[in-house]
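There are 2 protein chains.
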Amino acid sequence: MIRRLCIIGVGLIGGSLARALRQKGYCQEVVGSSRRREHLQEAVDLGVIDRFETDPARAVAGADMILMAVPLGAMEAVLRQIRGQLAADAVVTDVGSAKGSVVAAARAAFGDVPGRFVPGHPIAGTEKSGVAASFASLFEGRQVILTPLPETDPDATERVRQMWLTAGAAVQMMDVTHHDRVLAATSHLPHLLAYAVVDSLARLGDHDEIFRFAAGGFRDFSRIAGSDPVMWRDICLANRDAILDIVDGFNEDIARLVTAIRAGDGDTLLDVFTRAKTARDRYTDGTH
Amino acid sequence: MIRRLCIIGVGLIGGSLARALRQKGYCQEVVGSSRRREHLQEAVDLGVIDRFETDPARAVAGADMILMAVPLGAMEAVLRQIRGQLAADAVVTDVGSAKGSVVAAARAAFGDVPGRFVPGHPIAGTEKSGVAASFASLFEGRQVILTPLPETDPDATERVRQMWLTAGAAVQMMDVTHHDRVLAATSHLPHLLAYAVVDSLARLGDHDEIFRFAAGGFRDFSRIAGSDPVMWRDICLANRDAILDIVDGFNEDIARLVTAIRAGDGDTLLDVFTRAKTARDRYTDGTH
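Protein sequences appear in the order of chains A and B.
Positions 1 to 288 (my numbering) are the ones given, in order, by the first sequence.
Positions 289 to 576 (my numbering) are the ones given, in order, by the second sequence.
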């Protein structure tokens with residue numbers, strides 16, 4: 001049970017968690033904080049939070065669970081604002097898509113990473129953003145990765161784990177660096193490619209026509225290019241090394257395909273496409 | 289009205305067109321032909337075709353409309369098989385995803401491109417293939433591009449156009465080369481990237497874990513990697529020049545993003561991502 005949940009950054013993720021926990025009766029009070037008062041008022045009007053403070057330092061007062069759901073680029077500054085304002089029993093966690101940078105931000109803000117700070121990442125979301133897009137079942141059946149450090153208090157980790165389980169998620173523990181590599185591969189690279197493809201097409205002269213002839217496959221492929229640009233700028237900067245590594249490997253793969261196409265080497269193309277289809281079909285179990 | 293429709297290659301596309309036209313009472317008889325007898329029997333059992341011939345030369349006899357729905361790599365060989373077997377009033381069209389190569393195949397098979405051969409391409413499909421996946425409404429509201437040549441008989445083009453309109457599609461006329469460029473951008477490049485990403489991930493050591501942490505965004509992005517590998521090998525070889533051009537441009541775009549990530553240049557990233565999101569949101573009208 002959470003007495004007072006403080007959500008800093010009341011958008012899709014923070015709002016959905018608040019909705020889920022309230023629906024389960026898992027927290028007595030939810031206090032929100034964001035930079036923009038109108039978003040906070042909207043969250044109150046939607047019944048997502050009970051009340052708000054625009055100043056995060058005031059918002060965290062008396063809270064026993066604090067969820068940092070701000071863009072990665074704002075993490076350090078907000079952690080500095082709440083430093084010294086936390087209740088003695090307060091657990092702080094976050095939802096950032098890159099964990100190394102969050103750990104670095106916590107270290108910079110607090111001097112060292114506090115034992116009651118538990119880095120976390122729910123693998124959930126849609127290309128929508130904002131509290132109006134939030135819904136209680138967002139995390140049901142989804143994975144949440146926690147990346148506690150050796151110095152993290154196991155009790156704090158357990159409290160965060162219970163919170164996410166209550167919201168319907170499965171919780172996995174992972175090393176910070178491993179998390180950042182896995183996410184670079186499965187999420188950050190695809191977002192980068194989808195943004196790049198849509199931008200490439202948009203810059204072609206006849207782009208209204210181009211998009212008119214894009215079929216359903218393209219619509220699905222490019223859906224993630226509708227994601228929040230600020231959030232993704234921050235992720236690219238925050239997970240720079242892992243992303244650059246994975247893009248390097250990917251560029252080699254594309255170069256091999258280009259060589260095969262140029263040479264009319266259908267066998268190589270068929271090998272790669274077949275391997276990919278097999279992996280994709282196994283991963284989705286034929287259900288999607 | 290079509291008296292006898294002959295479909296060579298009774299899969300998702302050919303099967304769906306047969307279903308649609310039968311549902312509208314637009315053709316009296318549908319004859320199918322494919323390399324594999326069991327697929328043809330399945331199509332009969334499903335009520336998609338009336339009867340079949342495994343030999344395309346026999347299948348086209350007496351048909352007034354012939355739909356070539358074979359992989360691009362098989363086009364020339366099958367056209368050679370049906371040459372000399374066509375009824376005097378027969379119109380031949382195809383559904384290949386690259387038109388330059390189909391025109392070349394027709395020229396190679398017939399000596400020149402017959403006036404009653406109308407190259408066509410329905411921009412429709414799913415990552416599924418095979419006649420069992422076919423359905424009558426596949427083309428409803430979809431675009432079909434016809435690329436008649438100067439020597440194409442306008443009456444033949446009009447007959448093909450009416451057939452697709454009857455199946456519920458919108459029909460556009462386009463130049464062969466322009467078609468191949470547009471499709472390289474909106475379809476062939478995304479498929480190549482999706483195959484390459486899934487294959488890259490599948491070759492990472494811990495790939496079961498990798499896919500476990502892939503969220504819904506990845507599922508959508510990679511859906512087209514479930515497409516038929518033979519079909520896509522053939523498309524890559526058939527539309528080689530346009531694909532290589534578009535991949536070149538795309539590689540430059542990726543290189544610019546990599547440079548920005550490496551330099552910590554958030555402004556460039558935000559510009560590109562915002563432009564892409566704007567284009568994507570406008571293209572989908574906020575409805576997808």
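The beta carbon of each residue, even a glycine, is placed where N, CA and C say it ideally should be.
Requested in this report: Apply the 10 Å Cβ neighbour rule to A:C6 and answer buried if 16 or more other Cβ atoms are within range, or exposed otherwise.
Outcome: Buried, by the Cβ-count rule.
Query raised in the report: So, using beta-carbon positions, are A:P122 and A:V95 closer together than 8 Å?
Result: Yes, the pair counts as a contact, with Cβ atoms nearer than the cut-off.
Query - Where A:R262 meets chain B, residues with beta-carbon distance less than 9 Å - result: Result: R528, L532.
Requested in this report: Would you mind working out which of A:L270, A:V92, A:S137 sits nearest A:R116, comparing C-alpha positions?
Outcome: Distance check between A:R116 and each of A:L270, A:V92, A:S137 places A:V92 closest, using alpha-carbon atoms only.
**Report entry** C-beta atoms of B:T562 and A:P229 nearer than 8 Å
**Finding:** Yes, the Cβ-Cβ distance between B:T562 and A:P229 is below 8 Å.
Query raised in the report: At a CB-CB cut-off below 7 Å, which residues of chain A make contact with B:F561?
Result: In chain order: Y195, P229, W232, R233.
Query - Partner residues on chain B for A:L72, Cβ-Cβ distance less than 8 Å - result: Those within 8 Å of A:L72 in chain B number zero; the least Cβ separation is about 11 Å.
Query raised in the report: Mind checking whether A:L86 and A:V113 have CB atoms under 8 Å apart?
Result: Their beta carbons are not under 8 Å apart, which means A:L86 does not touch A:V113 by this criterion.
Requested in this report: Count the other CB atoms, across all protein chains shown, that sit within 10 Å of the CB of A:L189; report buried if there are 16 or more and exposed otherwise.
Outcome: Around the C-beta of A:L189, 16 or more other C-beta atoms lie within 10 Å, and the residue is accordingly described as buried.
Requested in this report: Could you work out which residue in B:L489, B:R507, B:H327 is closest to B:S421 when comparing CA atoms only?
Outcome: In the sequence under discussion, the amino acid at residue 421 of chain B is Ala, which differs from the Ser named in the question. Comparing Cα-Cα distances from B:A421 to each of B:L489, B:R507, B:H327, the minimum goes to B:H327.
Query - Three-state class that DSSP yields for B:D487 in the structure shown - result: B:D487: helix per DSSP, three-state reduction.
Query - Alpha-carbon to alpha-carbon, A:F211 and A:L79 - result: Their Cα atoms are separated by approximately 43 Å.
Query - A:V197 versus B:E341, B:G537, B:D559, residue with shortest Cα-Cα distance - result: Here the closest residue by C-alpha is B:G537.
Query raised in the report: Is the Cβ of B:V470 closer than 8 Å to any Cβ of chain A?
Result: Yes - at least one Cβ of chain A is within 8 Å of the one on B:V470.
Report task. Please work out which residues of its chain come closer than 7 Å, Cβ to Cβ, to A:H288, disregarding the five sequence neighbours upstream and downstream, and give them in chain order. Result -> With a pLDDT of 40 at A:H288, under the threshold of 50, the modelled position of this residue cannot be trusted; read the value that follows with caution. Cβ within range, chain order: n/a, list empty.
Query raised in the report: So the beta strand (DSSP E) B:V518 belongs to, where does it begin and stop?
Result: Boundaries around B:V518 are those of the alpha helix (DSSP H), 517–526, since no beta strand (DSSP E) includes it.
Query raised in the report: Contact check, B:V244 vs B:E330 under 8 Å by CB: the rounded distance?
Result: This structure does not reach residue 244 of chain B, given that chain B is present from 289 up to 576, and the question cannot be answered.
Query raised in the report: Would the beta-carbon of B:D569 fall within 8 Å of that of A:R223?
Result: No, these two residues do not count as a Cβ contact at 8 Å.
Report task. Below 7 Å CB to CB, which residues in the same chain sit around A:V272 once its five sequence neighbours on both sides are set aside? Result -> Cβ within range, chain order: L257.
Report task. In the DSSP assignment, find the unbroken alpha helix (DSSP H) run with A:T274 in it and report its ends. Result -> For A:T274, the enclosing alpha helix (DSSP H) starts and ends at 266–284.
Query - Limits of the alpha helix (DSSP H) - the one that A:E38 falls within - result: Unbroken alpha helix (DSSP H) run through A:E38: 37–45.
Query raised in the report: For A:L5, which residues does DSSP report across the bridge?
Result: Bridge partners of A:L5: A:V30, A:M65.
Query raised in the report: Any idea if B:A376 is buried or exposed, counting beta-carbon neighbours within 10 angstroms, 16 or more meaning buried?
Result: Exposed, by the Cβ-count rule.
Query raised in the report: Can you pull the DSSP bridge partners for B:P410?
Result: Per DSSP, B:V432.
Query raised in the report: Looking only at its own chain, which residues have a Cβ that is under 6 Å from the Cβ of B:A548, when we skip the five neighbours before and after it?
Result: Contacts found: T556, L557.
Query raised in the report: In chain B, which residues lie less than 9 Å from A:S187 when you measure between Cβ atoms?
Result: Those within 9 Å of A:S187 in chain B are F501, A502, A503, G505, F506.
Report task. Drop a sphere of 10 angstroms on the beta-carbon of B:R469, count the other beta-carbons inside from all chains shown, and report buried for 16 or more, exposed for fewer. Result -> When all chains shown are included, B:R469 counts as buried.
**Report entry** Spatial distance of B:I534 from A:A238 (CA atoms)
**Finding:** The straight-line gap from Cα to Cα measures roughly 30 Å.
Query raised in the report: Quick one: Cα of B:A424 to Cα of B:V432, how far?
Result: Per the coordinates, the alpha-carbon of B:A424 lies some 15 Å from the alpha-carbon of B:V432.
Report task. Starting from the C-beta of B:A412, find all residues in its chain whose C-beta is less than 6 Å away, skip the five residues before and the five after it, and write them out in chain order. Result -> Counting only Cβ-Cβ distances below 6 Å, and skipping sequence neighbours, we find L426, F427, R430.
Query raised in the report: If you drop the 5 nearest sequence neighbours on each side, which residues of the same chain put their C-beta closer than 6 Å to that of A:D50?
Result: The beta carbon of A:D50 lies closer than 6 Å to those of E29, V30 in the same chain, with the five residues before and after it left out.
Requested in this report: Count the other CB atoms, across all protein chains shown, that sit within 10 Å of the CB of B:L279; report buried if there are 16 or more and exposed otherwise.
Outcome: Residue 279 of chain B is absent from the structure shown; chain B starts at 289 and stops at 576.
Query raised in the report: For A:V70, which of helix, strand or coil comes out of DSSP?
Result: Of the three classes helix, strand and coil, the one that applies to A:V70 here is coil, per DSSP.
Query raised in the report: Is B:S385 closer than 8 Å to B:R471 when the C-beta atoms are compared?
Result: Note that residue 471 of chain B is Leu in the sequence shown here, rather than Arg. In contact: B:L471 and B:S385 (Cβ atoms closer than 8 Å).
Report task. Select from A:V48, A:Q23, A:A215 the residue whose C-alpha is nearest the C-alpha of A:G14. Result -> Considering only alpha carbons, the answer is A:V48.
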